[in-house]
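The structure appears below as structure tokens.
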Amino acid sequence: FDARATDGSEDGRYTLEVTPVDLAGNVASVSNIRFAYITKLPEVAQLSIAENGFVNQLIRIEAQLAEFTGQGIDFDTSSIRLLDPEGNEIAGSLSDDNISALIYTPISALPTDGSVDGVYTAEITTVSKIGASNTQIVPFTYDTLAPTLVTVTPANGSQVQVATPEITIQVTDTGSGLDFVASGVQLHGPGGAVEIQTSTNGVDRISLKPVPLSQSGKYTLQITLVDRAGNRSIPLESSFSYELVPPRVTAIVPADRSAVNSLGEIRATLQDNSGKGIDFASTGLNFHLLNPVSGEVEGQITSEGDQIVFTLLNTLTSDGTDDGTYVVRVQPVDNLGNVGI
């Protein structure tokens, strides 16, 4: 006879009919040998719990079973068993639709207080009506506890003077782990919502970088934590105060009350506290060198890095006629318009 297909399409029960005949022509009674030809085992086509997935409640497990002979599923011998993290079987009842669905329902609902959380195993045995059997093992995590906030930096109630503070949210979740996509953080200040850039370490930390804060006052983080099992924390809040600090002059060369015998330029080092940088054009308008006699000395303003440079247009004489006490006046301005003193 022709070879049978090996893709499951010709699986089933076969009967081999044998009629013995000897060389003298004697014919014995016909013998029938029945056997099952199986090349593709029945299987779970769909399961209500994903392999290595996460759930926060367990009301039932439903499996859609498939077999490839056309003979159907033997629901009397097919089964679903549920094993706890220690490998103990959890009692349950089975039901089916007599077509493809096999449903397991635990007799007692599992607690949702975290006391029995852990990795469970669903053991599904699919048996076809021709006797082919296949057992599949599906582990999953039962997690009923929401993530916990550990720390927030800046700390709740603290004060910052940096316009772009580094904000860090440290969390912990001992079950399924934090779902960074579903979790959310918002920052609100005196002027409303503040735009933030968010990054994570993929495990237990959320880092935020706000646009430079432009108003003094109270800023509040609104935090919602969600884990991969769908457990959601209550809304959490943490606040800090921002005190707007104007730019300032940190150094001037020549230094205050110093004595020099030549002067070609004056350099002032500026510190920006806005996060937006120094407005050197506006600062240049506020840069003045005053001589002891005629008033203001003419010069050209340039900038180099964090320094503003005043270059004298006319060299001071060295015969003593320009000697005296000179005064430098610098009033820095940042790109938010904040004016230092």
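Just so you know, we're using our numbering here: the sequence shown kicks off at 3 and counts up by one. Using N, Cα and C, we set each Cβ at its ideal position, and we do this for glycine too.
- Message: So within the segment 176-203, which uninterrupted beta strand (DSSP E) runs reach at least 3 residues, ignoring any that extend past its ends?
- Response: The beta strand (DSSP E) runs lying completely inside the segment 176-203 and spanning 3 residues or more are 186-191, 194-196, 198-202, given in chain order.
- Per DSSP, which one or two residues make a beta bridge with aspartate 86? Bridge partners of aspartate 86: none, in fact.
- Locate the beta strand (DSSP E) running through leucine 287, then write down its first and last residues. Here leucine 287 belongs to no beta strand (DSSP E); instead the alpha helix (DSSP H) covers 282-287.
- Item | Per-residue burial, leucine 104 [other beta carbons within 10 Å of its own, 16 or more giving buried] | buried
- Identify which residue in Ala7, Val121, Ser185, Val196 has its Cα closest to the Cα of arginine 207. Ser185
- Message: As a quick exercise: from Asp145, Val187, Thr146, Gln172, pick the residue whose alpha carbon is nearest that of threonine 153.
- Response: Gln172
- So isoleucine 198 and proline 212 are in contact, right, with Cβ under 8 Å, and what is the actual spacing, rounded? 5 Å
- Which runs of the alpha helix (DSSP H) fall wholly inside the segment 275-342 and span at least 4 residues, in chain order? 282-287
- Below 8 Å between beta carbons: does that hold for isoleucine 82 and alanine 124? yes
- Beta bridge counterpart(s) of lysine 211 as assigned by DSSP: Gln199
- Item | Opposing strand residues paired with lysine 131 [DSSP bridges] | BP columns for lysine 131 are empty, so no partner.
- Message: Measuring straight from C-alpha to C-alpha, what distance separates threonine 174 and isoleucine 51?
- Response: 25 Å
- Message: Could you give the first and the last residue of the continuous beta strand (DSSP E) run that contains glycine 94?
- Response: 94-98
- Task: Helix, strand or coil for arginine 269, going by three-state DSSP, please let me know.
- Result: In this structure, DSSP gives arginine 269 an extended state, which the three-state scheme calls strand.
- Message: Please state whether the Cβ-Cβ distance between isoleucine 254 and isoleucine 268 is less than 8 Å.
- Response: yes
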